[in-house]
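Here's the structure we're looking at; comments come further down.
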Amino acid sequence: MINNKRVTRADVAKHANVSETIVSYVINNNRYVSRDKRERVESAIRELNYRPNNVARTLKGKQSNQIIFIADQITNEYFSRIVSNMDKFAYNHGYLISLCANRNSQEFVSQVISRQYDGIIISSTSFPDEYVQQFIDANIPLVLFMNRRYHNIPKNVGIINSGLYSGARECVKHLAAKGRKHILYIDRISSKGTKSTMDDLRLSGFVDQMRESELEFTEKQIIAGCYSEEEVEAEIIKRIQDGLKVDGIFGRNDMLACVAMSAVKRMNLRVPEDVSVIGYDNSSISRFCSPKLTTMEMQQEEISHAAIDMLQRIIDGREEDLKASFKTNLILREST
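Below is the structure:
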């Protein structure tokens, strides 16, 4: 490990036993490099905490003035609203913000590190802890939205608790108050068929409240690992046809809740008379579907402001007040 001096590409090349040209190719990702050499270079970059172009930036006397926001679903209306709000606050601080889909790969992490962003904000249920740690080791100011439980987060990392866990519990309580005893949970869609774990705060909030409310609960009441909305709809219909009792449905977002309503209607069941349906995020679709969707709303503008303000404090070297928590608000409409 090299200490007390700037780490150069030559240091990385020596550590990885490759040429500086190979290091450059890996960093810029503009030439083919064999897997073995690429892995050695990426390992050396992590071990040495190398940050490319640091000297050039210092000589210019300026930062990149760029913040990257990494999210699972960049087409989701919730994320577009969050980015829109963050963009206003970031611009006032002199930054431009970029939205980027999480690609869950070592190459993606290396690319982000090499581009020298002034700060990173992550809102992801699936971005591995080891990749988060690489951003931390690279000394990049970082703010995490608590969509899931993270482990061993350093004090200099910002934490935004947007109320997902408590909000999910409130959704179950609301359905239970309506007399619903057989509640189905619709998990996220994944192109890889990935299922959420109990570290996911929406899922764990659902499960914990189902148990606390002493409602019937089995794994059959969670629909997960679907690749598309069509597959979600088909799976709901199949489970009801197979005899699963369903009188309430909780979609982890509004789109999935609307998909669930479509499935229920195809089974000639009425919403909310036969099945109550609730969503999450208070997106536009919740107001214009039929019946209008009951949903859980987050404080998007306040959350966005807190994330940018927190990131600025980290950039400035001020490590106080790096945690913020927000409450959710139940929006009652016709579907429950």
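Quick note: to get my numbering, add 6 to the position in the sequence shown (first position is 1). We put the beta carbon where it would ideally sit given N, CA and C, even for glycine.
Give a single yes or no on whether G211 has its beta carbon closer than 6 Å to a heavy atom of the ligand ADP. Of ligands this structure carries none, so the ligand ADP is not represented either.
What would DSSP say about N82, mapped onto helix, strand or coil? Along the sequence shown, one-based indexing puts residue 82 at 76. N82 falls in the coil class under three-state DSSP.
Could you check what DSSP says for E236 in three-state terms: helix, strand or coil? Residue 236 sits at position 230 when you count from the first residue of the sequence shown. Here E236 sits in helix by DSSP.
Buried or exposed: Q140, going by 16 or more other Cβ atoms within 10 Å of its Cβ? Here residue 140 is taken as the residue at index 134 of the sequence shown, counted from 1. Counting Cβ neighbours within 10 Å, Q140 comes out buried, since at least 16 surround it.
In the DSSP assignment, the beta strand (DSSP E) including Y191 goes from what residue to what residue? Within the sequence shown, residue 191 is the residue found at index 185, counting from 1. I189 to I192 is the span of the beta strand (DSSP E), which, as asked, contains Y191.
Through-space distance from G185 to Y191, alpha-carbon basis: Residue mapping note: residue 191 aligns to position 185 of the sequence shown, counting from 1. Residue mapping note: residue 185 aligns to position 179 of the sequence shown, counting from 1. Y191 and G185: Cα-Cα distance of roughly 16 Å.
Should A269 be labelled buried (16 or more other beta-carbon atoms within 10 Å of its own) or exposed? The residue labelled residue 269 in the question sits at position 263 within the sequence shown. A269 is buried by the Cβ-count criterion.
As a quick exercise: from N91, Y171, V252 and E136, pick the residue whose alpha carbon is nearest that of S210. Residue 210 sits at position 204 when you count from the first residue of the sequence shown. Of the candidates N91, Y171, V252 and E136, the one whose C-alpha sits nearest the C-alpha of S210 is Y171.
Which value, in whole angstroms, describes the spacing of the CA atoms of F133 and V149? Along the sequence shown, read from residue 1 onward, the residue named residue 133 stands at position 127. Along the sequence shown, read from residue 1 onward, the residue named residue 149 stands at position 143. Approximately 13 Å, taken between the alpha carbons.
Indicate whether G231 and G257 have their beta-carbon atoms separated by less than 7 Å. Walking along the sequence shown from the start, residue 231 turns up at place 225. Walking along the sequence shown from the start, residue 257 turns up at place 251. Going by C-beta atoms, G231 is not nearer than 7 Å to G257.
Can you name the start and end residues of the beta strand (DSSP E) that R282 belongs to? Looking up residue 282 in the sequence shown gives position 276. Before going on, a small fix: residue 282 reads as Ser here, not Arg. That run of the beta strand (DSSP E) goes S282 to Y286.
Inspect the CB distances between the region 280 to 289 and the region 221 to 237 and report whether three or more fall short of 8 Å. no
Of all the beta strand (DSSP E) runs that stay within the bounds of the region 132 to 168, which reach a length of 3 or more residues? 148 to 151 and 164 to 167
By the DSSP assignment, the beta strand (DSSP E) with E303 in it spans what residues? One-based indexing of the sequence shown puts residue 303 at position 297. Here the beta strand (DSSP E) through E303 covers T300 to E303.
Nearest CA to the CA of Y101: which residue from N108, A107 and D93? In the sequence shown, residue 101 corresponds to position 95, counting from 1. Closest by alpha carbon: D93.
Only counting the same chain, and skipping five residues up and downstream in sequence, which positions put a Cβ closer than 6 Å to that of L338? Position 332 of the sequence shown, counted from the first residue, corresponds to residue 338. Cβ within range, chain order: T300.
Contact check, M302 vs L250, beta carbons under 7 Å: Working through the sequence shown from its first residue, we reach residue 302 at position 296. Working through the sequence shown from its first residue, we reach residue 250 at position 244. No, the Cβ-Cβ distance between M302 and L250 is not below 7 Å.
Classify K251 as helix, strand or coil using the three-state DSSP reduction. Along the sequence shown, read from residue 1 onward, the residue named residue 251 stands at position 245. Coil, per DSSP.
Label M204 either buried or exposed according to how many other C-beta atoms from any shown protein chain fall within 10 Å of its C-beta, with 16 as the threshold for buried. Walking along the sequence shown from the start, residue 204 turns up at place 198. The residue in question, M204, is exposed, as its Cβ has fewer than 16 Cβ neighbours within 10 Å.
Would you check if there are 3 or more beta carbon pairs closer than 8 Å linking the region 107 to 119 to the region 318 to 335? no
Straight-line gap, L54 to A144 (C-alpha atoms, nearest Å): As a position in the sequence shown, residue 54 is number 48, starting the count at 1. As a position in the sequence shown, residue 144 is number 138, starting the count at 1. Cα-Cα distance, rounded: 9 Å.
Would you kindly work out how many angstroms separate the C-alpha atoms of S289 and Q306, rounded to a whole number? Taking the first residue of the sequence shown as position 1, residue 289 is located at position 283. Taking the first residue of the sequence shown as position 1, residue 306 is located at position 300. The straight-line gap from Cα to Cα measures roughly 11 Å.
Segment limits, beta strand (DSSP E) that includes S104: The residue you call residue 104 lines up with position 98 of the sequence shown. Residues L102 to A107.
Where does K329 sit, in a helix, a strand or coil, going by DSSP? Counted from its first residue, the sequence shown places residue 329 at position 323. Strand, per DSSP.
Determine the extent of the alpha helix (DSSP H) in which L209 is found, giving its start and end residues. The residue labelled residue 209 in the question sits at position 203 within the sequence shown. First-last of the alpha helix (DSSP H) with L209: L207 to E218.
Quick check: the Cα distance between V178 and I320, rounded to an integer number of angstroms? Locating residue 178 in the sequence shown gives position 172, where the first residue counts as 1. Locating residue 320 in the sequence shown gives position 314, where the first residue counts as 1. Computed Cα separation, rounded: 37 Å.
Under 7 Å between C-beta atoms of S129 and N153: As a first step, residue 129 must be located in the sequence shown, where it is residue number 123. As a first step, residue 153 must be located in the sequence shown, where it is residue number 147. Against a cut-off of 7 Å, the Cβ pair of N153 and S129 comes out as a contact.
Measuring only the C-alpha atoms, how far is D315 from Y156? As a first step, residue 315 must be located in the sequence shown, where it is residue number 309. As a first step, residue 156 must be located in the sequence shown, where it is residue number 150. Cα to Cα, the separation comes out at about 21 Å.
Could you check the C-alpha separation between D322 and S25 for me, to the nearest Å? By one-based count along the sequence shown, residue 322 stands at place 316. By one-based count along the sequence shown, residue 25 stands at place 19. Their Cα atoms are separated by approximately 36 Å.
So, is E218 buried or exposed, given that buried needs 16 or more other C-beta atoms within 10 angstroms? Against the sequence shown, residue 218 aligns to sequence position 212. E218 should be labelled exposed.
What separation, rounded to the nearest whole angstrom, lies between the Cα atoms of G169 and F151? In the sequence shown, residue 169 corresponds to position 163, counting from 1. In the sequence shown, residue 151 corresponds to position 145, counting from 1. Whole-angstrom Cα-Cα distance: 10 Å.
According to DSSP, is A230 helix, strand or coil? Locating residue 230 in the sequence shown gives position 224, where the first residue counts as 1. In this structure, A230 counts as coil in the three-state DSSP scheme.
Residues in the same chain with beta-carbon distance under 7 Å from F212, minus the five sequence neighbours each way, listed in chain order, please. Working through the sequence shown from its first residue, we reach residue 212 at position 206. So the qualifying residues of the chain are A174, V178, Y191 and F256.
Counterpart residues of G257 in DSSP-defined beta bridges: On the sequence shown, residue 257 is found 251 positions in, with the first residue counted as 1. G257 is bridged to I192.
For Q215, does the count of other Cβ atoms within 10 angstroms reach 16, so buried, or fall short, so exposed? Taking the sequence shown and counting its residues from 1, the one referred to as residue 215 is at position 209. Label assigned to Q215: buried.
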